[in-house]
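**Q**
There are 2 protein chains.
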Amino acid sequence: MNRTINIGLFGFGTVGQGVYRVIEQSKNAHARICKICVRNINKPRTIELPAGVLTDRVEDILDNPDINLVVEVVDDANAAYRIVTSALKRRIPIVSGSKAMIAPNLPELIELQEKYDTALLYDASSCGSIPVIRNLEEYYDNDLLLEVKGILNGSSNYILSRVFDHNDDYGSALAMAQKLGFAESDPTFDISGLDSLFKLVIITIHALGVYVAPDDIFTYGISTIHNADIRYAREKGMKIKLVAQVVKVSDSKFTMFVMPEFVSPSRYIYSVDNEYNGVVIRGECYDRQFMFGKGAGGLPTASSILSDIMARRYNYRYEYKKRKYIDRPTYTTDVGLRVYIHFESTDITTQLPLVKIHEIYRSEDNGSYIIADINLSDLIANKEIISAPDVFIANIPRFFLDRDD
Amino acid sequence: MNRTINIGLFGFGTVGQGVYRVIEQSKNAHARICKICVRNINKPRTIELPAGVLTDRVEDILDNPDINLVVEVVDDANAAYRIVTSALKRRIPIVSGSKAMIAPNLPELIELQEKYDTALLYDASSCGSIPVIRNLEEYYDNDLLLEVKGILNGSSNYILSRVFDHNDDYGSALAMAQKLGFAESDPTFDISGLDSLFKLVIITIHALGVYVAPDDIFTYGISTIHNADIRYAREKGMKIKLVAQVVKVSDSKFTMFVMPEFVSPSRYIYSVDNEYNGVVIRGECYDRQFMFGKGAGGLPTASSILSDIMARRYNYRYEYKKRKYIDRPTYTTDVGLRVYIHFESTDITTQLPLVKIHEIYRSEDNGSYIIADINLSDLIANKEIISAPDVFIANIPRFFLDRDD
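Just so you know, the sequences run in chain order A and B.
Taking my numbering, the leading residue of the first sequence gets 149, the next gets one more, and so forth.
Taking my numbering, the leading residue of the second sequence gets 149, the next gets one more, and so forth.
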């Protein structure tokens, strides 16, 4: 089907302008941007736009009969929700990159796509230019899949790379990341692991066909990492990275979480540095696939949105095939983990239900740490204690699944 | 569309048995193997098959009205050609992994798909479990793509890894590769670069929409590599890898070739070792995507074939979209390369039309080498001279495009 795609674009920030540029560059896209809806129409812009393209009236796009595809790249999740649901209810297919809006609302968004027989595509919402969603939905459309694990947030990864590869301290690394614009609108969104969490939720429904609400998933960021933790990792020849993972722990169960992890040089993700993202897809028969690329930035994200736009020329939509699978695995947090816990004033050893302490180190100057076994559900139950500024937790991965990705 | 896929399978070697196992394991494939056609029906087999499944009569599959998908994994390219063309002419969709059959016959195979309105899928033909073809066709369905470059042959890569990482000499590394079954039926097929060439031809039509016949592409293998070359690369802190690449050299032109290349540690493919494959997809806006995985072996290849089988449940077929692009780039061999040439008795300096010699080293014991500029078309024209057993050529990549993939 070769009709031209007439696009109504919401948002004209870094990504929106990237989309505009990418479509201009792509002679064969057979797509054009008819209208661009922005909050402040009078704001000065670097890109010269034809007269009448800019508007601040949502209806100019949603009620425009010429427009057959909406692209939404606004920065405000609530606005994105209103735009996406309105478009779907008008049976207008829509491409969105808003993970913060999609992840919490996926069940409703899937229902709306079915009810109004239209499509919502969002490959750009996870790992920018890396085609994770599309491949999980289409290519890994079978039940051989065992695990998806990766570095999904470029901003926190950039900070940790500065710390481990350039010996910056955490504070100046964070400042540098913000200066270079690698952070999302709110840096805590990246550093707290929330950004990775939302991506993981979206990935999981395409990986295993199961939706787990963000609130039900253990998420622990890097904001409380201490120099002592960095020193400890270095001494072991490891890096600490913020890792998101969904893993089948048995034929019928899977778990998922976002937390810092000790990564040894033998793992693929060890070499995923700076603002890059890297995803390992592991399955029976094909073992491990590693995908690596730019996870953020205006143009990489825009190129991913272009892929979704062009897929619409062939009426592509997610079938959410795996949701129809027989005996899909169920989500569990009853999983034993081995973790490193740094602490100072908070006495972790008495306040956490540890299964077993393997190592303990106490120091007045450096702070103390333990290597201990704990159940994932107990980490969730005690989130407040482990969120104290003197505490830092990192996963030691070889424990609950013996693997070397 | 949820009909069951009833498969007629041709070939029951390593891959064929892998396909059988993978489909058995994949509860949600909704696919079953009805018939398996083999050359020798009486050959003893490790897998227990239900009575009546095995046959040696092609018609039992091609004339069987119950069968709605043919999967072809026979080892003989001529037999594969007969099976695939017969299936297409009967409008039976077919999945094939036979790069040696597909690459030389692609134009005819595309024509047959259009004429008989049916599908031929062959993702397994390139890089086993890495979804290169599908991503180039669907996800990189735009003209931002600038380059596809990679290690496409696991067997030759295994040999070179043994040589560079384990200090084996070439001969014992080759023997080891054959012993472990990493080699295709004929090892020269891998070592000569032919296997990589066929994959590159298939990749190129999905990358740029242009078909180039294998005979028109410079292909140089690793069979004449000398210890001196290995020593030289090591001294420079580099590895020599057999690299296949298709690269846009201008807006309107692209080139492609398969030859050994000096790879520095800063390149993604430097770390692609042993039997693994790695592909770098470079484009405007998204920069570089790196895909890494198992390129060969029964089960990885079978998992890729399973992806094609399941795609047929949704009537997926290649649209060869980029063939319809306006102003597709044209193939050129008029490209300057900088190469390393090892030689002993053959006096390369007088026999090749070198543009410029940058370095020359002469030795009675180690053999001699030059670093020189030469036009790709002149390498093709002088293939006989550079194929002498005392000669070895490797590309020095930074020259004709300044990049660090």
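All residues carry an ideal CB built from backbone N, CA and C; glycine is no exception.
#1: Could you name the residues of the same chain whose beta carbon sits closer than 6 Å to that of residue 221 of chain A, not counting the 5 residues immediately before and after it, in chain order?
#2: DSSP on residue 257 of chain B, reduced to helix/strand/coil?
#3: List, in chain order, every chain B residue whose beta-carbon is nearer than 8 Å to that of residue 441 of chain A.
#4: Using C-beta distances below 8 Å, list every residue in its chain close to residue 480 of chain B, excluding the 5 sequence neighbours before and after it, in chain order.
#5: Answer with yes or no whether the minimum CB distance from residue 283 of chain A to chain B is below 8 Å.
#6: Between residue 151 of chain B and chain A, is the shortest Cβ-Cβ distance under 8 Å, so that the two count as touching?
#7: What's the call for residue 207 of chain A, buried or exposed, on a 16-neighbour Cβ count within 10 Å?
#8: Tell me whether residue 361 of chain B sits in a helix, a strand or coil according to DSSP, three-state version.
#9: Hey, out of A:337, A:319, A:490 and A:270, whose CA is closest to residue 543 of chain A's CA?
#10: Kindly list the residues whose CB is nearer than 8 Å to the CB of residue 149 of chain A, restricted to its own chain and excluding five residues on each side of it in sequence; keep chain order.
#11: Give the interface partners of residue 431 of chain B over in chain A, defined as CB-CB distance under 8 Å, in chain order.
#12: Which residues of chain B have a Cβ atom closer than 7 Å to the Cβ of residue 279 of chain A, listed in chain order?
#13: In chain order, what residues of the same chain lie with their CB nearer than 6 Å to the CB of residue 429 of chain A, ignoring the 5 residues before and after it?
#14: Look at the alpha carbon of residue 375 of chain B and the alpha carbon of residue 359 of chain B, and state the distance between them as a whole number of angstroms.
#15: Could you tell me whether the Cβ of residue 176 of chain B comes closer than 8 Å to any Cβ of chain E?
#16: Counting only beta-carbon atoms, is residue 459 of chain A nearer than 8 Å to chain B?
#17: Here's a check: name, in chain order, each residue in its chain whose Cβ is nearer than 6 Å to the Cβ of residue 532 of chain A, leaving out the five neighbours to either side.
#18: Need the endpoints of the beta strand (DSSP E) that residue 394 of chain B sits in, please.
#19: In chain B, what lies closer than 9 Å to residue 467 of chain A by C-beta?
#20: Using a 10 Å radius around the Cβ and a threshold of 16 neighbouring Cβ atoms, would you call residue 554 of chain B buried or exposed?
#21: Determine, using beta carbons only, whether residue 243 of chain A and residue 280 of chain A come nearer to each other than 8 Å.
#22: In the DSSP assignment, what are the bridge partners of residue 244 of chain B?
#23: What residue range does the beta strand (DSSP E) around residue 170 of chain B cover?
#24: Applying the 10 Å Cβ sphere with the 16-neighbour rule, what's the burial state of residue 204 of chain B?
#25: How would you call residue 329 of chain A, buried or exposed, if buried means at least 16 neighbouring beta carbons within 10 angstroms?
#26: In angstroms, rounded to a whole number, what distance separates the CA positions of residue 184 of chain B and residue 241 of chain B?
#27: Could you pull the start and end residues of the alpha helix (DSSP H) that residue 318 of chain A belongs to?
#28: Would you verify that the beta carbon of residue 305 of chain B is, or is not, closer than 8 Å to some beta carbon of chain A?
#29: If you count every other CB in all the chains shown that lies within 10 Å of the CB of residue 200 of chain B, and 16 or more means buried, which is it?
#30: Starting from residue 409 of chain A, trace the beta strand (DSSP E) both ways and give me its first and last residue.
#31: Kindly indicate which three-state DSSP category residue 367 of chain B falls into: helix, strand or coil?
#32: What separation, rounded to the nearest whole angstrom, lies between the Cα atoms of residue 337 of chain A and residue 366 of chain A?
#33: Could you check whether the Cβ of residue 253 of chain A sits closer than 7 Å to any heavy atom belonging to the ligand SAH?
#34: Between the segment 441-451 of chain B and the segment 255-270 of chain B, can you find at least three pairs of beta-carbon atoms closer than 8 Å?
#35: Could you pull the start and end residues of the alpha helix (DSSP H) that residue 308 of chain B belongs to?
#36: Going by other Cβ atoms of all chains shown within 10 Å of its Cβ, with 16 needed for buried, is residue 389 of chain A buried or exposed?
**A** Answer, in terms of the structure:
#1: In the first sequence, counting from the first residue as 1, residue 221 of chain A sits at position 73. These residues qualify, in order along the chain: 159, 163, 164 and 245.
#2: As a first step, residue 257 of chain B must be located in the second sequence, where it is residue number 109. Residue 257 of chain B falls in the helix class under three-state DSSP.
#3: By one-based count along the first sequence, residue 441 of chain A stands at place 293. Chain B residues near residue 441 of chain A: 434, 435, 436, 437 and 438.
#4: Against the second sequence, residue 480 of chain B aligns to sequence position 332. Setting aside the 5 residues that flank it on each side, residue 480 of chain B is surrounded in the same chain by 397, 401, 402 and 403, each with a C-beta closer than 8 Å to its C-beta; the list follows chain order.
#5: For this step, residue 283 of chain A is matched to residue 135 along the first sequence. Output row for residue 283 of chain A: interface = yes.
#6: Along the second sequence, read from residue 1 onward, the residue named residue 151 of chain B stands at position 3. No, residue 151 of chain B does not count as interfacial toward chain A.
#7: Reading the first sequence from its first residue, position 59 is the one you call residue 207 of chain A. So residue 207 of chain A counts as exposed.
#8: Residue 361 of chain B sits at position 213 when you count from the first residue of the second sequence. Shown here, residue 361 of chain B sits in coil according to DSSP, grouped into three states, outside any helix or strand.
#9: Translated into the one-based positions of the first sequence, residue 543 of chain A becomes position 395. Residue nearest to residue 543 of chain A within the set A:337, A:319, A:490 and A:270 is A:490 (criterion: CA-CA distance).
#10: Numbered from its first residue, the first sequence carries residue 149 of chain A at position 1. Only weak support is given to the placement of residue 149 of chain A: the predicted model assigns it a pLDDT of 47, under 50, and the question is left unresolved by the model.
#11: Start at 1 with the first residue of the second sequence, and residue 431 of chain B comes out as number 283. Those are 451, listed as they occur along chain A.
#12: Here residue 279 of chain A refers to the residue found at position 131 of the first sequence. Those within 7 Å of residue 279 of chain A in chain B are 283 and 287.
#13: Here residue 429 of chain A corresponds to residue number 281 of the first sequence, with the count starting at 1. If we look at residue 429 of chain A and ignore the five residues flanking it on each side, its Cβ neighbours are 296 and 437.
#14: Here residue 375 of chain B is taken as the residue at index 227 of the second sequence, counted from 1. Here residue 359 of chain B is taken as the residue at index 211 of the second sequence, counted from 1. So the two alpha carbons sit approximately 37 Å from each other.
#15: Going by chain labels, chain E is absent from the structure shown, which instead holds the protein chains A and B.
#16: Counted from its first residue, the first sequence places residue 459 of chain A at position 311. Yes, residue 459 of chain A lies at the interface with chain B (some Cβ there is under 8 Å from its Cβ).
#17: Within the first sequence, the letter at position 384 stands for residue 532 of chain A. For residue 532 of chain A, where only same-chain residues beyond five positions count, there are no Cβ hits under 6 Å.
#18: Taking the first residue of the second sequence as position 1, residue 394 of chain B is located at position 246. Annotation for residue 394 of chain B: the continuous beta strand (DSSP E) segment containing it runs 387-396.
#19: Taking the first sequence and counting its residues from 1, the one referred to as residue 467 of chain A is at position 319. Going along chain B in sequence order, the residues near residue 467 of chain A (Cβ under 9 Å) are 462.
#20: The structure shown does not extend to residue 554 of chain B, since chain B is modelled only from 149 through 553, so no value can be given for it.
#21: Along the first sequence, read from residue 1 onward, the residue named residue 243 of chain A stands at position 95. Along the first sequence, read from residue 1 onward, the residue named residue 280 of chain A stands at position 132. Note that the C-beta distance between residue 243 of chain A and residue 280 of chain A is not below 8 Å.
#22: One-based indexing of the second sequence puts residue 244 of chain B at position 96. Residue 244 of chain B pairs with B:220.
#23: Taking the second sequence and counting its residues from 1, one reaches residue 170 of chain B at position 22. Segment 162-173 is the alpha helix (DSSP H) holding residue 170 of chain B; no beta strand (DSSP E) there.
#24: The count along the second sequence starts at 1 and reaches residue 204 of chain B at position 56. Residue 204 of chain B should be labelled exposed.
#25: As a first step, residue 329 of chain A must be located in the first sequence, where it is residue number 181. It counts as exposed.
#26: On the second sequence, residue 184 of chain B is found 36 positions in, with the first residue counted as 1. On the second sequence, residue 241 of chain B is found 93 positions in, with the first residue counted as 1. Between residue 184 of chain B and residue 241 of chain B, the C-alpha separation is close to 16 Å.
#27: To locate residue 318 of chain A, count along the first sequence from 1; it is residue 170. Looking at the DSSP string, the run of the alpha helix (DSSP H) that includes residue 318 of chain A is 318-327.
#28: As a first step, residue 305 of chain B is located in the second sequence; it is residue number 157 there, counting from the start. With 8 Å as the cut-off, residue 305 of chain B does not count as an interface residue toward chain A.
#29: As a working note, residue 200 of chain B is residue 52 in the second sequence. So residue 200 of chain B counts as exposed.
#30: Along the first sequence, read from residue 1 onward, the residue named residue 409 of chain A stands at position 261. Start and end: 401-411.
#31: Taking the second sequence and counting its residues from 1, one reaches residue 367 of chain B at position 219. Strand at residue 367 of chain B.
#32: Within the first sequence, the letter at position 189 stands for residue 337 of chain A. Within the first sequence, the letter at position 218 stands for residue 366 of chain A. Taking the CA atoms as reference points, residue 337 of chain A sits about 15 Å from residue 366 of chain A.
#33: This structure lacks the ligand SAH, and indeed carries no ligand of any kind.
#34: No, the segment 255-270 of chain B is not in contact with the segment 441-451 of chain B.
#35: Counted from its first residue, the second sequence places residue 308 of chain B at position 160. First-last of the alpha helix (DSSP H) with residue 308 of chain B: 302-314.
#36: Locating residue 389 of chain A in the first sequence gives position 241, counting from the first residue. Residue environment: residue 389 of chain A is assigned as buried (16 or more neighbouring CB atoms within 10 Å of its CB, all protein chains considered).
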